[in-house]
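The numbering of the sequence shown is my numbering, which starts it at 231 and goes up by one. Glycine included, C-beta positions come from ideal geometry on N, C-alpha and C.
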Amino acid sequence: MKYLIILVIFISSLFLPAQNIFINEFMADNESTIEDPDEPGIYEDWIELYNEGTFEVDLEGFYLTDDLDELTKWQIPENITISSHGFLLFWADNDEDQGNFHTNFKLSANGEDIAIIHPDGETILDSYTFGEQATDISEGRFPDGNSNWEFMPDPTPGYANISSNLPPEIDDFNQIPLAPSSQTNVNVTAHITDDETIATAFIKYDTGTGNQNITMYDDGQHGDSGANDNI
231 MKYLIILVIF ISSLFLPAQN IFINEFMADN ESTIEDPDEP GIYEDWIELY NEGTFEVDLE
291 GFYLTDDLDE LTKWQIPENI TISSHGFLLF WADNDEDQGN FHTNFKLSAN GEDIAIIHPD
351 GETILDSYTF GEQATDISEG RFPDGNSNWE FMPDPTPGYA NISSNLPPEI DDFNQIPLAP
411 SSQTNVNVTA HITDDETIAT AFIKYDTGTG NQNITMYDDG QHGDSGANDN I
């Protein structure tokens, strides 16, 4: 019985370092962000792993896949380790003949799955299902290893992720009347959203002798819609 207990503890301990490995950032439409070091001038999809743990992890035998129905799609070769709090980049270019860091699949910019699998071929250590991607904008965790994912217009392949701070989205822009005279009052509305609090919004227009800014309001008292409805 003592031997059995020791064996169970040993097997369990093998999973502990692996549980600290995360898919941390990826790019499925790399047009000009970072070159494939094994094929200069070519820009390929890439996947970044992050080791949140305090120990180096030997990744030999682990799997990467873009299909949760095929967990053993590509096996990481020997002699590949990831240091404590380190980052490791793999090229998802469907060209594994180029070297140990090149997978046998590409990523779809239309969206799909990414997963890293334990060497047992069954245990999903980490996975992420992503949607449609934009050119040269990565998607990653912030902070590193965190459960929060966001788009990153400033990708950091192989390095710590930085927050995106994307600009506000402006849509449903309306101007009444469309062709005003010089004496006509003009009502301009727009729907503005942001992941943080919007401090102020203004319209900049050309007077013919220079630009002028006019503050926009969201209080329901300046010809806008209701108060605090982002219009």
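### Task
Identify whether A322 lies in helix, strand or coil by the three-state DSSP scheme.
To locate residue 322, count along the sequence shown from 1; it is residue 92. A322: strand per DSSP, three-state reduction.
### Query
Using DSSP with H/G/I as helix, E/B as strand and the rest coil, what is A345?
Walking along the sequence shown from the start, residue 345 turns up at place 115. Here A345 sits in strand by DSSP.
### Message
Give me, in chain order, the residues of the same chain whose beta-carbon lies closer than 6 Å to that of D356; leave out the 5 immediate sequence neighbours on both sides.
### Response
The sequence position of residue 356 within the sequence shown is 126, counting from 1. Taken in chain order, the residues that qualify are F252, I253, I346.
### Query
If you check the beta carbons only, do L301 and T333 fall under 8 Å apart?
As a position in the sequence shown, residue 301 is number 71, starting the count at 1. As a position in the sequence shown, residue 333 is number 103, starting the count at 1. It is not a contact, given that the beta carbons lie outside the stated cut-off.
#### Entry: Collapsed DSSP secondary structure at A339 in the structure displayed
Position 109 of the sequence shown holds residue 339. A339 falls in the coil class under three-state DSSP.
#### Entry: Supposed contact pair E290 and I306 - C-beta distance, whole angstroms, cut 8 Å
Taking the first residue of the sequence shown as 1, we reach residue 306 at position 76. Taking the first residue of the sequence shown as 1, we reach residue 290 at position 60. The Cβ separation is near 6 Å, so the contact holds.
### Query
Is the region 320-338 in contact with the region 266-273, if contact means three or more CB pairs nearer than 8 Å?
yes
### Query
With which residues is V416 paired in a DSSP beta bridge?
Taking the first residue of the sequence shown as 1, we reach residue 416 at position 186. None; V416 has no bridge partner.
### Query
I think E255 touches T386, with their Cβ atoms under 8 Å apart; what is that distance to the nearest whole Å?
For the purposes of this step, residue 255 is identified with residue 25 of the sequence shown, where counting begins at 1. For the purposes of this step, residue 386 is identified with residue 156 of the sequence shown, where counting begins at 1. Separation of the CB atoms of E255 and T386 is rounded to 7 Å, and the pair is thereby assigned contact status at 8 Å.
### Task
Write down the C-beta distance between F432 and N443 rounded to the nearest angstrom, noting that I regard them as a contact closer than 8 Å.
Numbered from its first residue, the sequence shown carries residue 432 at position 202. Numbered from its first residue, the sequence shown carries residue 443 at position 213. About 5 Å separates the two Cβ atoms, so the contact holds.
### Message
For a minimum of 3 consecutive residues, which ranges assigned as the beta strand (DSSP E) are wholly contained in the region 355-391?
### Response
DSSP assignment within the region 355-391 yields the following whole beta strand (DSSP E) runs of 3 residues or more, N-terminal first: 368-371, 379-382.
### 3-residue-minimum beta strand (DSSP E) runs that sit fully inside the region 252-312, ordered along the chain
Annotation: the region 252-312 contains the following complete segments of the beta strand (DSSP E) (minimum length 3 residues), in chain order: 275-281, 293-295.
### Task
Within 10 angstroms of the Cβ of A364, are there 16 or more other Cβ atoms? Answer buried if so, exposed if not.
Taking the sequence shown and counting its residues from 1, one reaches residue 364 at position 134. By the C-beta density criterion, A364 is exposed, having fewer than 16 other C-beta atoms within 10 angstroms.
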